[in-house]
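**Student:**
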Amino acid sequence: MAIEIKAPTYPESVQEGTLATWHKNVGDQVSRDELIVDIETDKVVLEVVAPASGTLTEILKQQDDIVVSNEVIARIEEGAAAAPTASAPAAKEEADIQVAEALVNPAAKKLADERGIDLSQVAGTGKGGRITKEDVVNFTPAAAPAPTAAPAVAAEEAMPAGERVERRVAMTRMRTRIAERLLDVTQTTASLTTFNEVDMSALMGLRKQYQDEFTKTHNGTRLGFMGFFVKAAVEALKRFPLVNASIDGTDIVYHGFQDIGVAVSTDRGLVVPVLRNAENMSIATVENSIGDYAGKARDGKLSIEEMTGGTFTITNGGVYGSLLSTPIINPPQTAILGMHSIQQRPVAVNGQVEIRPMMYLALSYDHRLIDGKEAVQFLVAIKQLIEDPAKILLEI
Amino acid sequence: MSDKYDVVVIGSGPAGYVAAIRAAQLGLKTACIEKWQNDEGKGVNGGTCLNVGCIPSKALLDSSYKYHEAKEDLGIHGISTKGVAMDIPAMLARKNKIINQLTGGIAGLFKANGVTALYGTGKLLAGKKVELTANDGTVSVIEAGNVILASGSLPIDIPVAKVDGDLIVDSTGALEIGEVPKRLGVIGAGVIGLELGSVWNRLGSEVVLLEAMEDFLAIMDKAVAKESKKIFTKQGLDIRLGARVTGTEIVKGAVEVTFMTADGSEHKETFDKLIVCVGRRAFTDGLLADDSGVQLDERGTVFVNDQCATNVAGVYAIGDLVRGPMLAHKGSEEGVMVAEIIAGHKAQMNYDIVPNVIYTHPEVASVGQTEEQIKAAGEPYNVGVFPFAASGRAMAANDTDGMVKIIAHADTDRILGCHIVGPSAADLVQQVAIAMEFGSSAEDLGMTVFGHPTLSETVHEAALAVNGAAIHIANRKRR
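Protein sequences, first through last, are from chains A and B.
Heads up, the first sequence is in the working numbering, so the first residue is 1 and it goes up one at a time.
Heads up, the second sequence is in the working numbering, so the first residue is 397 and it goes up one at a time.
Shown next, in the form of structure tokens:
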């Protein structure tokens, strides 16, 4: 019986995808739930598995083709092929599985199972192509999918042998989309940035004092700064609801919840997983969730749902050494908080010069919605909450 | 008359004879030239290894070990021995019998594989021609499609202790000593010095080893070298480090050796016999005609690339004649690699995983990198150590000195090196060498089922210990 293989239902925000990599060829045996093709969208790579076992009889979409939601991309003939060869394909499949299993070192398989890594994606560097534990340890999901790998290679070969070398590489779909959105934000919002600085010594003291107890109580989750910044942001957003709102056409949509996006940098680009209802999350939950998201982001395993929505975003350039910056707003949000590196600086405290660990804060905001006064006061609120963390707890 | 062969091999030691046999197996018309003659003037194959190296020394090591064990170590088993005596001529006769068997065996293998065995001195001329001076003096020229130089090495002679073949001998002479010297001096506490020193120490000599280097077994993993020194010293070997010999003198039928120690002071020791084993040099004397085109490097070895090709197309060099450790098996595998390359295969020997062994008891063996090498390269690593004292099998055998040390990369867990001093170290290291060939991690070895009770289990436990999972010793706290 012929079965259609369709692209998955895309989420609302995703119009189309690109067919990235076929893992099977026409005529190949596929088993139920075996990975057969990757489809790349703006945000994630979707893996399509075979709905049943059988032979892949038809491929309707080639690499680089546009694929829309639920589009039929291939056909499978269920069950074995024609009767005479019924046992042969099954035996071949078994032999293939055996060969595939034989070419993976024991500890490599164990680690791959533990990390949920698909061994078919790992390049084996051992004898005869064996996958070693080292290969699995070093495995990162393909940075650029096949469509861009081909042009990149072609471009490499076309490189002129000479002094001034140029290289032309097509943008990945994700990069194209990011470029579009950022340009859009710049052109359609009245984006300004206001700055302030925050004395981190109280927070650092708090962290030092309670780190061990926190880690022990919360099963190994470490106490960072993000937990506090998220809670401070939530508190400030409650006081300045405009900063938590978004513009939809000519309407202002006030959100009765705080979904805080936390920007994470990956090989493919910046992604912003969202902490939903951050106002209900404890600091430990925030730290945990951020850790989870960061890991998933690096492995390329963030789902679309995890990255959509958000009413406010926090980005931290400090981890890369940024002292001061003007973050770009994440539409349809109207503001974004930028954290930066902590620098020991001389500051005036009660008329005396003291060295304090200072961090510059930046708030980029859409002036169409938020006036300067709101923006400045919002940022001052964050500063005060961070400089005296008890205020977060006391909501003052 | 000019014969033409696809491959002409000069030298039939472990590198040469293996190359010749492999070439013939691959269908190449092969000749192998050997100049070694035995005491009866008959040409014999096998080179240094079979005739005056690996094999005879192992025969004497085993004979002397059994003597020592019978004399000293059986009491603990409840066995009383009296009147255990060593008949040295008989021991040497057995050794010679084994040599004859093996050299005859090679001649047999040559015949079976169709290798033309030629006896005489081979010299490479220009244009891949080889001049053969047979043992009876007749000279002929052989044309070769390819030539493999495998003339091996000779013991290094030092002016301050010139070998006279009587009281001052080299390693060859040391295998023919007819009676147990009361005091035996050994210049050079390397592999050969330790092995030969062990033989005569077991048979009753007072053995003093004079090593010029400050460090014992300097190229070995330090932890294992340190443990080995302790063990050998306990056995009665007097190892003097930083002892540089400055002169020797025959005085009243004995050898007086003068040497300087690191503090600059001069010492004299007298020995009934002195063995000089300070290393070996590539043997190129008379091998290359002036116009052969083959280049030597500054140390006198034949210059070759990774596939043992010299700068002359169609001319290869293998074994002790070229760079790398002077080990028989390294020469043999180079021989296989070259034969296969000549036959058109893609072949490359893996120089990173070459085991090396010292056949003392306990044996000392290693493969891969030492801890010091890994540290110098700046790579993070973990170490697992398991002592034989914790092995049930070793205890049952009353052979518990030593340990197994395995080093793995801290991030990828890939096994980088294994160093063992202990019973059957050579065979145990081989297991890890095989694992390393397949890119194994310490965890892979840990996941392998090992029989119990075996000595091999020490390898299993050391691999587990790398990641703090050893069962039969307390695991070290990780830094």
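The C-beta atom is built at its ideal place from N, Cα and C for all residues, glycine as well.
What first and last residue would you give for the beta strand (DSSP E) that runs through residue 467 of chain B?
**Tutor:** No beta strand (DSSP E) holds residue 467 of chain B; DSSP gives it neither H nor E.
**Student:** What first and last residue would you give for the alpha helix (DSSP H) that runs through residue 596 of chain B?
**Tutor:** 587-598 is the extent of the alpha helix (DSSP H) around residue 596 of chain B.
**Student:** Given a threshold of 16 other Cβ atoms within 10 Å of its Cβ, counted over all protein chains shown, does residue 764 of chain B qualify as buried or as exposed?
**Tutor:** The residue in question, residue 764 of chain B, is buried, as its Cβ has 16 or more Cβ neighbours within 10 Å.
**Student:** Once DSSP output is grouped into helix, strand and coil, what is the label at residue 612 of chain B?
**Tutor:** Looking at residue 612 of chain B - three-state DSSP - the assignment turns out to be coil, as it is neither helix nor strand.
**Student:** Does the segment 264-277 of chain A come close enough to the segment 286-303 of chain A that 3 or more CB-CB pairs lie under 8 Å?
**Tutor:** Yes, they touch.
**Student:** Can you list, in chain order, the residues of the segment 415-431 of chain B whose Cβ is nearer than 9 Å to any Cβ on chain A?
**Tutor:** Residues: none.
**Student:** Report the partner residues of residue 199 of chain A according to the DSSP bridge assignment.
**Tutor:** DSSP output for residue 199 of chain A lists A:358 as bridge partner(s).
**Student:** Less than 8 Å between the beta carbons of residue 451 of chain B and residue 574 of chain B, yes or no?
**Tutor:** Not in contact: residue 451 of chain B and residue 574 of chain B (Cβ atoms no closer than 8 Å).
**Student:** Rounded C-beta distance between residue 263 of chain A and residue 274 of chain A? I'm assuming under 8 Å.
**Tutor:** In fact, because the Cβ distance is near 11 Å, the residues do not count as touching under 8 Å.
**Student:** So residue 759 of chain B and residue 820 of chain B are supposed to be a Cβ contact under 8 Å. How far apart are they, rounded?
**Tutor:** Rounded, the Cβ-Cβ distance is 7 Å, consistent with contact.
**Student:** Of all the CB atoms in chain A, is at least one closer than 8 Å to the CB of residue 876 of chain B?
**Tutor:** Beyond the ends of chain B as shown, which are 397 and 875, falls residue 876 of chain B; an answer cannot be given.
**Student:** Given a threshold of 16 other Cβ atoms within 10 Å of its Cβ, counted over all protein chains shown, does residue 278 of chain A qualify as buried or as exposed?
**Tutor:** With 16 or more Cβ atoms within 10 Å of its Cβ, residue 278 of chain A is classed as buried.
**Student:** What are the residues of the segment 779-809 of chain B that lie near chain A, defined by any Cβ-Cβ distance shorter than 9 Å?
**Tutor:** Against chain A - using a Cβ distance shorter than 9 Å - the residues of the segment 779-809 of chain B are 805, 807, 808, 809.
**Student:** Does the distance from the C-beta atom of residue 651 of chain B to that of residue 571 of chain B stay below 8 Å?
**Tutor:** It is not a contact, given that the beta carbons lie outside the stated cut-off.
**Student:** To which residues of the same chain is residue 2 of chain A closer than 8 Å at the C-beta, ignoring the five residues directly before and after it?
**Tutor:** Hits under 8 Å: 57, 75, 76, 77, 78.
**Student:** Give the DSSP bridge partners of residue 38 of chain A, in chain order.
**Tutor:** According to DSSP, which records beta bridges pairwise, residue 38 of chain A is partnered with A:21, A:47.
**Student:** Check each candidate in A:387, A:388, A:361 and name the one with the smallest Cα separation from residue 375 of chain A.
**Tutor:** Of the candidates A:387, A:388, A:361, the one whose C-alpha sits nearest the C-alpha of residue 375 of chain A is A:361.
**Student:** For residue 749 of chain B, which three-state DSSP category applies?
**Tutor:** Coil at residue 749 of chain B, not helix or strand.
**Student:** I'd like to know if the segment 729-748 of chain B and the segment 421-430 of chain B are in contact, where contact means that at least 3 CB-CB pairs between them fall below 8 Å.
**Tutor:** The segment 729-748 of chain B, when compared against the segment 421-430 of chain B, does touch it at the 8 Å Cβ threshold.
**Student:** How should residue 401 of chain B be labelled, buried or exposed, when 16 other C-beta atoms within 10 angstroms of its C-beta is the threshold for buried?
**Tutor:** By the neighbour-count rule (16 or more Cβ atoms within 10 Å), residue 401 of chain B is buried.
**Student:** Pick out whichever of B:723, B:603, B:496, B:490 has its Cα sitting closest to the Cα of residue 753 of chain B.
**Tutor:** For residue 753 of chain B, the nearest C-alpha among the options comes from B:723.
**Student:** Tell me whether residue 431 of chain B is buried or exposed, calling it buried when 16 or more other Cβ atoms sit within 10 Å of its Cβ.
**Tutor:** Residue 431 of chain B comes out buried.
**Student:** I'd like to know if residue 41 of chain A contacts chain B, where contact means its C-beta is closer than 8 Å to some C-beta of that chain.
**Tutor:** By this cut-off, residue 41 of chain A is not an interface position.
**Student:** With hydrogens ignored, establish whether the beta-carbon of residue 732 of chain B is closer than 7 Å to any heavy atom of the ligand FAD.
**Tutor:** By its list of ligands, the structure shown contains no ligand whatsoever, and the ligand FAD lies outside what it can speak to.
**Student:** Check whether the Cβ atoms of residue 745 of chain B and residue 729 of chain B lie closer than 8 Å to each other.
**Tutor:** Yes, the pair counts as a contact, with Cβ atoms nearer than the cut-off.
**Student:** List the DSSP bridge partners of residue 515 of chain B.
**Tutor:** According to DSSP, which records beta bridges pairwise, residue 515 of chain B is partnered with B:430.
**Student:** Closer than 7 Å, Cβ to any Cβ of chain A: which residues of the segment 812-846 of chain B, in chain order?
**Tutor:** Cβ contacts with chain A come from 833, 834, 835, 836, 837, 839, 840, 843.
**Student:** Sort B:834, B:854, B:844 by Cα distance to residue 789 of chain B and report the nearest one.
**Tutor:** The candidate whose alpha carbon is nearest that of residue 789 of chain B is B:854.
**Student:** For the segment 108-126 of chain A, list every residue whose C-beta sits within 9 Å of some C-beta in chain B, in sequence order.
**Tutor:** Residues passing the 9 Å Cβ filter: 108, 110, 111, 124, 125, 126.
**Student:** Along the chain, where does the beta strand (DSSP E) containing residue 287 of chain A start, and where does it finish?
**Tutor:** Per DSSP, residue 287 of chain A belongs to no beta strand (DSSP E); it is in the alpha helix (DSSP H), 283-299.
**Student:** Pop quiz: residue 407 of chain B and residue 503 of chain B are said to be a contact at Cβ under 8 Å. What is the actual Cβ separation, rounded to whole angstroms?
**Tutor:** At roughly 15 Å, the Cβ-Cβ gap does not stay under 8 Å, so residue 407 of chain B and residue 503 of chain B are not in contact.
**Student:** DSSP puts residue 580 of chain B in a beta bridge; with which residues?
**Tutor:** Paired residues: B:603, B:669.
**Student:** Taking 8 Å as the cut-off, does the segment 226-236 of chain A touch the segment 281-297 of chain A (at least 3 CB pairs, one atom from each stretch)?
**Tutor:** With a cut-off of 8 Å, the segment 226-236 of chain A and the segment 281-297 of chain A count as touching, because enough Cβ pairs lie within range.
**Student:** Since I believe residue 304 of chain A is in contact with residue 45 of chain A (beta carbons under 8 Å), could you give me their beta-carbon distance rounded to a whole number of angstroms?
**Tutor:** Their Cβ separation, rounded to whole angstroms, is 11 Å, which puts residue 45 of chain A and residue 304 of chain A out of contact at 8 Å.
**Student:** Please state the DSSP three-state secondary structure of residue 848 of chain B.
**Tutor:** Looking at residue 848 of chain B - three-state DSSP - the assignment turns out to be coil, as it is neither helix nor strand.
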